[in-house]
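K.L.:
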């Protein structure tokens, strides 16, 4: 890890949660936040907004490392775009794992992923890059979580599940053993997912059914 510190990309509520995680982890210094131009000079939990997206290349050259801290409810487009922008500038990402989280033997967690307080990732599970594994969520054995996925607070992904890239699993939702979700799937809060879900679907309810628009 670079000794220069971490730059957080995106302010707001999720940024506050990540600041708390970084402080709890205690391994790294936060250099500042990149956000919208009109927010430069303001502070989030004592951390200053130091620049905008236009400053990313300069920050990469100064050997800072990055976390995407723009939050998401629903589609992951913004977080994916910011991640790609940092990568294109040559930047590197760190993971941030709460001291109260539990990662079992044989798990892997990709760069730029945050694992929240009291989350559990069980043995043989794989979590991709730029994911949010939120507070008190559970990823069971041998599950595969694609890049840019958000598993929200208290959600459960059971053993052997495959969650496609860019998907969102709402608070308290349950995905039962072995179910596969396609890319860019949205699962509503509290839903119970019993069957495979095709790409781009939004599912709600118990049992989960397609949302009719």
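In this note's numbering, the protein residues as written are 917 to 1129. Positions of the beta carbon are idealized from the N, C-alpha and C atoms, including for glycine.
#1: In three-state terms, what does DSSP make of residue 918?
#2: How far does the beta strand (DSSP E) with residue 982 in it extend, from its first residue to its last?
#3: Measuring CB to CB, does residue 940 end up less than 8 Å from residue 1015?
#4: Considering only the beta carbon of each residue, do residue 1019 and residue 1025 sit closer than 8 Å?
#5: How big is the Cα-Cα spacing for residue 964 and residue 1094?
#6: Who pairs with residue 1042 in a beta bridge, going by DSSP?
#7: In angstroms with no decimal places, state the Cα-to-Cα distance between residue 1079 and residue 999.
#8: Can you tell me which residues form a DSSP beta bridge with residue 1115?
#9: Give every residue of the same chain whose Cβ lies closer than 6 Å to the Cβ of residue 1071, excluding the five residues on either side of it in the sequence, and list them in chain order.
#10: Hey, would you say residue 947 sits closer than 8 Å to residue 927, going by beta carbons?
P.N.:
Quick look at the numbers:
#1: Low per-residue confidence applies at residue 918: pLDDT is 41, beneath 50, and the placement is therefore not dependable enough to give any value.
#2: Here the beta strand (DSSP E) through residue 982 covers 981-984.
#3: Note that the C-beta distance between residue 940 and residue 1015 is below 8 Å.
#4: yes
#5: 44 Å
#6: BP columns for residue 1042 point to 1024, 1060.
#7: If you draw a straight line from the Cα of residue 1079 to the Cα of residue 999, it comes to about 19 Å.
#8: Answer is none; residue 1115 lacks a bridge partner.
#9: 1053, 1085, 1089
#10: no
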